[in-house]
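This report concerns only the one structure given below.
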Amino acid sequence: MSTLTLPPVPTSPRDDAIQLYRAFKGLGCDTAAVIGILAHRDATQRSFIQHEYRTMYSEDLLKRLVSELHGKLETAVLLWMHDPAGRDAIVIRQALLPDATNLDAATEVVCSRTPSQIQIIKQNYQAKFGVFLEQDIERHTSGDHKKLLLAYVSTSRYEGFEVDREMALKDAKDLYKAGEKRWGTDEKTFIRIFSQRSRAQLAAISAAYRDMYGSSLKKAVKRETSGKFEHGLLTILKCSENPAEYFAKVLHKAMKGLGTDDTALIRILVTRTEIDMQYIKAEYLRKYKKTLNDAVHSETSGHYRTFLLALLGPNC
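Just so we're aligned, residue 1216 is where the sequence shown starts under the working numbering, counting upward by one.
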């Protein structure tokens, strides 16, 4: 005999604020209740909950979460409480701070976002930290890596799907001349093309490069560049072709081998859940013959695991 599964009763931000307050009262925190509420609310709902909580209890919900949660769960939940652009701004800022420099993380976020997303990130960055994003990039990065990031965050790019085939052929030729054809590398050409062309146009350039020279543009980037500069170029290029596949690979790397890179795991699961997680899950399954949920389940534990799996949704 089957039982009828009723849909969850809708709650208001006020109701959620009350339930959270109750979860914090008494001996110990009802962590399961906190996760059950926050992991299933979108950015707008979470913002309303924070407003209601402050109004009703004269207390900042984020500060209360800091005092009630700990470790990796605390890190993940606190990052989740912000909207997508606010999260990205926080991740970049933390990655650029001298005492916790993680230039790979900063590069990943900057070089995987669309121009419109970057504009909102820049506004959030200045509002939260009182400094322009460009100033922090200038201060904490160097060389061609710095030039690429500065060009990428300051250039307005087309976001549509139309491509200019003739320009793609010319850019492919210019990249070949700047890299594989010459002794040494003309980094300025790589920076110019990778920072100015749309995702669709860069994908067309990559296809033209393979057709013309029988080798991939990715391989050319790997041969001709190195370090953080190479990482930035490859992130831009891979995200122009298939951003979901790019993030699936980063997640797989974070959970591969002994130990788990929880910083990367949290960063990607939390920042992509409201963007394109369903596509990342599909790419992960396609590439690794295992669901992302199963991979996360095997690499995490406790309330931390519960929270991440709640963000991921159904195991598919």
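No residue lacks a Cβ here, since even glycine has one placed at the ideal position from N, Cα and C.
Since we're looking at a predicted model, the values are computed, not measured.
Please confirm whether residue 1447 and residue 1360 have their CB atoms less than 8 Å apart.
Result yes, Cβ atoms of residue 1447 and residue 1360 sit closer than 8 Å.
Once you ignore the five residues that flank residue 1169 on each side, which residues in its own chain have a CB closer than 6 Å to its CB?
Examination of residue 1169 is not possible in this model, given that the chain is present from 1216 through 1531 alone.
Can you grab the Cα-Cα spacing for the pair residue 1515 / residue 1404, in whole Å?
In this structure, the CA atom of residue 1515 is about 43 Å from the CA atom of residue 1404.
Nearest residue (CA-CA) to residue 1423, options 1493, 1388 and 1451
It is 1388.
Please go through the same chain and pick out, in chain order, the residues whose beta-carbon is closer than 6 Å to the beta-carbon of residue 1510, but skip the five residues on each side of it.
The answer, listed in chain order, is 1470.
Does the Cβ-Cβ distance between residue 1485 and residue 1294 come in under 8 Å?
Yes.
Thinking C-alpha only, which one of 1320, 1269, 1242 and 1248 is nearest residue 1465?
Check the Cα spacing between residue 1465 and each of 1320, 1269, 1242 and 1248: the tightest is with 1320.
List the endpoints of the continuous alpha helix (DSSP H) containing residue 1381.
Run containing residue 1381: 1380–1393, per the alpha helix (DSSP H) assignment.
By Cβ distance, which residues of its chain are closer than 6 Å to residue 1394, with the 5 residues on each side in sequence left out?
Same-chain partners within the cutoff: 1400, 1435 and 1439.
When the cut-off is 8 Å and only beta carbons count, does residue 1512 lie next to chain B?
Absence of chain B from the displayed structure is noted, only one protein chain being present.
Whole runs of the alpha helix (DSSP H) within the region 1333–1385, excluding any shorter than 4 residues:
As far as the region 1333–1385 is concerned, its whole alpha helix (DSSP H) runs of at least 4 residues are 1348–1355 and 1358–1369.
Ignore the nearest five residues each way along the sequence and tell me which others in residue 1377's own chain have a CB closer than 6 Å to its CB.
Result list for residue 1377: empty, nothing under 6 Å.
Between which two residues does the alpha helix (DSSP H) containing residue 1429 stretch?
Per DSSP, residue 1429 lies in no alpha helix (DSSP H) segment and is marked neither H nor E.
Going by DSSP in three states, residue 1490 sits in which element: helix, strand or coil?
Coil at residue 1490, not helix or strand.
Mapping DSSP to helix, strand and coil, what is residue 1476?
Here DSSP, grouped into helix, strand and coil, assigns residue 1476 to coil.
Per-residue burial, residue 1531 [other beta carbons within 10 Å of its own, 16 or more giving buried]
So residue 1531 ends up on the exposed side.
Per-residue DSSP class, three states only, for residue 1498:
In this structure, residue 1498 counts as helix in the three-state DSSP scheme.
Checking 8 Å against the spacing of the C-beta atoms, do residue 1291 and residue 1336 come in under that value?
With respect to residue 1336, residue 1291 sits apart: the two C-beta atoms are not nearer than 8 Å.
Buried or exposed: which applies to residue 1261, given that a residue is buried once 16 or more other Cβ atoms fall within 10 Å of its Cβ?
By the 16-neighbour rule on beta-carbons within 10 angstroms, residue 1261 is buried.
How many whole angstroms separate the CB atoms of residue 1433 and residue 1452, which I take to be in contact at a CB cut-off of 8 Å?
About 6 Å separates the two Cβ atoms, so the contact holds.
Between residue 1222 and residue 1491, what straight-line distance do the alpha-carbon atoms span, to the nearest angstrom?
Low confidence applies to residue 1222: its pLDDT is 49, below 50, so where it sits in the model is not reliable, and the reading given next is rough at best. So the two alpha carbons sit approximately 25 Å from each other.
Can the beta-carbon of residue 1372 be found closer than 8 Å to that of residue 1419?
At least 8 Å separates the beta-carbon of residue 1372 from that of residue 1419.
Closest by CA to residue 1239, which one among 1276, 1392 and 1357?
When only C-alpha atoms are compared, the closest one is 1276.
Given residue 1445 as reference, the closest of 1241, 1461, 1513 and 1402 once Cα atoms are compared
Taking residue 1445 as reference, the option from 1241, 1461, 1513 and 1402 with the minimal CA-CA separation is 1402.
For the putative contact between residue 1363 and residue 1406, defined by C-beta atoms under 8 Å, what is the C-beta separation to the nearest angstrom?
Taking a contact as a CB-CB distance under 8 Å, the pair residue 1363 and residue 1406 counts as one, their CB atoms being some 5 Å apart.
Of the residues 1480, 1384, 1271 and 1412, the one placed nearest residue 1456, counting alpha carbons only:
The shortest C-alpha separation from residue 1456 is found at 1412.
Would you identify the three-state DSSP class for residue 1527, choosing helix, strand or coil?
In this structure, residue 1527 counts as helix in the three-state DSSP scheme.
In chain order, what residues of the same chain have a beta carbon less than 6 Å from the beta carbon of residue 1317, not counting five sequence neighbours either side?
Contacts found: 1310.
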